[in-house]
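Participant:
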Amino acid sequence: MGRVIVIGGGIIGLAVAAELSTRGSAVTVLEKENRWAAHQTGHNSGVVHAGLYYKPGSFKARMSVEGNRSIVRFAKDNGVAVDVCGKLVVATSESELPALGVLAERAEANGVPARLIGKEEAREYEPEVSCVRALRVESTGVIDFPGVCSALVSRLTEAGASLRLGTPALGIRTGANGGVEVATGSEVLKADVLVNCAGLHSDRVARLAGLTPRARIVPFRGEYFELKPHRRHLVRGLIYPVPDPTLPFLGVHLTRMLDGSVHAGPNAVLALRREGYRWRDVSASDLAEVALFPGTWRLAGKYAFPVGYEEIRRSLSVSRFAASLRRLVPAVGDDDIVRHGSGVRAQAMSPDGSLVDDFLIETAPRQVHVLNAPSPAATSALEIAKYVAGAVTTVR
């Protein structure tokens, strides 16, 4: 399959590189940071998703259900920590029961092992949970995604791939004899095909390569808390709310991690730079880009008040964050949680202000661009890799 340059050293880029390598390509991976999985992969919730929420037939539905199986199998085969513990999606009031029923129907349509249970059975799984009914999802789990990346790096190293940390792509052009040339600042690399898996910068890399992408990346920060050690017993596994179908995100939830800690979150606020993990992380150029994009203002018109305003208040207030958790587990007090960290979601947005819901992959001659790969992309990484590797053969 010739020479391929993959831009991006998160789980998607590394999975794509590994898949291409097994198919016979000579692969070079460029990562601008000095470590693998530095951004989205290294800051996500660590959850192996089941494929519950996604529209039947969509990329997300198909790839997350199969990806759940393949990523768990990969972890077990490569000594990466994983625990398929299952989760509860809980209706905390009668008004949420219709939406819970819709989730159960979607689970069945997508082939997800799930069943509706009463509150008594729900409390057998989670004694402290508050609910009137719940959906038990058996195939959800937690995994060490950076560990998966380390295993992929080992495979690539053994296969002779060129793995380059601290190597940004600064310029991209079509080569004189076809193919693609990528300038890194110290040299110009040549390949037959370019694959863009740059995550938070995927739209910028696409434009650098001469493509006009259909969507713009707008960064949303998700902030996490964790239960203090003496309160970890309040959560045995994973507890999720019934998502509000009118809102773009799932809502805060509780997750027992592989080390026994319990993480809570994330909320969703606009990040003030593409890699803005804290309120003080600000980029004037990134903010200007967001402000000049018409989709930002159209999205704000839909969600700024009261949803966005409440998300910001919760971001700044421990007590408000704890109150949102008490809907699920009433015993969580304001003093039971501490700030843990945050991640930034690379959310693709259309000019009309709509969030791109499904995975978005665009192609051009000699190029494949993964332009939207939010959750459950890490779960689906090995399946996305197969799809992208197939696309590589069509763009040459």
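Numbering (my numbering), first residue to last: 26 to 421. Every residue, glycine too, gets a C-beta built ideally from N, C-alpha and C.
List the whole-angstrom C-beta distance separating G76 from S89, where the pair is believed to meet the contact cut-off of C-beta under 8 angstroms.
Facilitator: 4 angstroms
Participant: In angstroms, rounded to a whole number, what distance separates the CA positions of A124 and S118?
Facilitator: 11 angstroms
Participant: Any contact of the segment 363-380 with the segment 234-252, i.e. 3+ C-beta pairs under 8 angstroms?
Facilitator: yes
Participant: Have a look at L350 and L385 and give me their C-alpha separation to the nearest angstrom.
Facilitator: 32 angstroms
Participant: What's the gap between the Cα of E183 and the Cα of T53?
Facilitator: 13 angstroms
Participant: Is it right to say R339 is buried, meaning 16 or more other beta carbons lie within 10 angstroms of its own, or is it exposed?
Facilitator: buried
Participant: Over the uninterrupted alpha helix (DSSP H) stretch that includes T404, give me the two end residues.
Facilitator: Per DSSP, T404 belongs to no alpha helix (DSSP H) and is neither H nor E.
Participant: As an exercise, report each continuous alpha helix (DSSP H) stretch of at least 4 residues that is fully enclosed by the segment 362-403, in chain order.
Facilitator: none
Participant: Specify, as a first and last residue, the run of the alpha helix (DSSP H) that V97 falls within.
Facilitator: F84 to D102
Participant: Could you tell me which residues DSSP pairs with H278 in its beta bridges?
Facilitator: According to DSSP, H278 bridges with G290.
Participant: Considering only the alpha carbon of each residue, which of A329, P193, A296 and Y328 lies closest to A313?
Facilitator: A296
Participant: Thinking C-alpha only, which one of V127, E149, A348 and G290 is nearest G366?
Facilitator: G290
Participant: Taking 8 angstroms as the cut-off, decide whether the C-beta atoms of I30 and C174 are in contact.
Facilitator: The criterion of a C-beta distance shorter than 8 angstroms is not satisfied by I30 and C174.
Participant: Looking at the unbroken alpha helix (DSSP H) that takes in E56, where does it start and where does it end?
Facilitator: For E56, there is no enclosing alpha helix (DSSP H), as DSSP marks it with neither H nor E.
Participant: Determine the extent of the beta strand (DSSP E) in which F250 is found, giving its start and end residues.
Facilitator: R241 to L252
Participant: So, with DSSP's three-state summary, where would you put P331?
Facilitator: helix
Participant: Mind listing, in chain order, the continuous alpha helix (DSSP H) runs of no fewer than 4 residues lying wholly within the segment 121-160?
Facilitator: 122-135 and 144-150
Participant: If you compare alpha carbons, which of E151, T280 and G92 is closest to A402?
Facilitator: G92
Participant: Report yes or no: do three or more beta-carbon pairs, one from the segment 275-284 and one from the segment 297-307, lie closer than 8 angstroms?
Facilitator: The segment 275-284 is not in contact with the segment 297-307.
Participant: What did DSSP end up calling T192 once you bin it into helix, strand or coil?
Facilitator: coil
Participant: Buried or exposed for H258, please, with buried defined as at least 16 other CB atoms from any protein chain shown within 10 angstroms of its CB.
Facilitator: Label assigned to H258: exposed.
Participant: Which first and last residues belong to the alpha helix (DSSP H) in which P171 is found?
Facilitator: F170 to A184
Participant: May I ask which residues mark the beginning and end of the alpha helix (DSSP H) holding R28?
Facilitator: Careful: R28 lies outside any alpha helix (DSSP H), inside the beta strand (DSSP E) at R28 to I32.
Participant: On the CB-based measure, 16 or more other CB atoms within 10 Å of its CB, does N69 come out buried or exposed?
Facilitator: buried
Participant: Closest to Y334 by C-alpha separation, out of A293, A348 and G27, would be which residue?
Facilitator: A293
Participant: Taking its Cβ as the centre, do 16 or more other Cβ atoms sit within 10 Å of N202, making it buried, or is it exposed?
Facilitator: exposed
Participant: Alpha carbon to alpha carbon, what distance is there between S179 and G67?
Facilitator: 17 angstroms
Participant: Mark W322 as exposed unless 16 or more other C-beta atoms lie within 10 angstroms of its C-beta, in which case mark it buried.
Facilitator: exposed
Participant: Taking 6 angstroms as the limit between beta carbons, can you name the residues of its chain near A129, skipping five residues before and five after?
Facilitator: L141 and L160
Participant: Nearest chain B C-beta to L181 closer than 8 angstroms, yes or no?
Facilitator: The displayed structure is made up of one protein chain only, and chain B is not part of it.
Participant: So which of R229, V277 and V267 has the shortest CA-CA distance to G247?
Facilitator: V277
Participant: CA-CA distance, V423 and R148?
Facilitator: With the chain running from 26 to 421 in the structure shown, residue 423 is simply not present.
Participant: Taking its Cβ as the centre, do 16 or more other Cβ atoms sit within 10 Å of V307, making it buried, or is it exposed?
Facilitator: exposed
Participant: Among T419, N59, A389 and N397, which has the Cα closest to the Cα of T237?
Facilitator: Nearest to T237 by C-alpha distance, out of T419, N59, A389 and N397, is A389.
Participant: Just mark N59 as buried or exposed, buried being the case when its beta carbon has 16 or more other beta carbons within 10 Å.
Facilitator: exposed
Participant: Assign D228 to one of two classes, buried (16 or more other C-beta atoms within 10 Å of its C-beta) or exposed (fewer than that).
Facilitator: D228 comes out buried.
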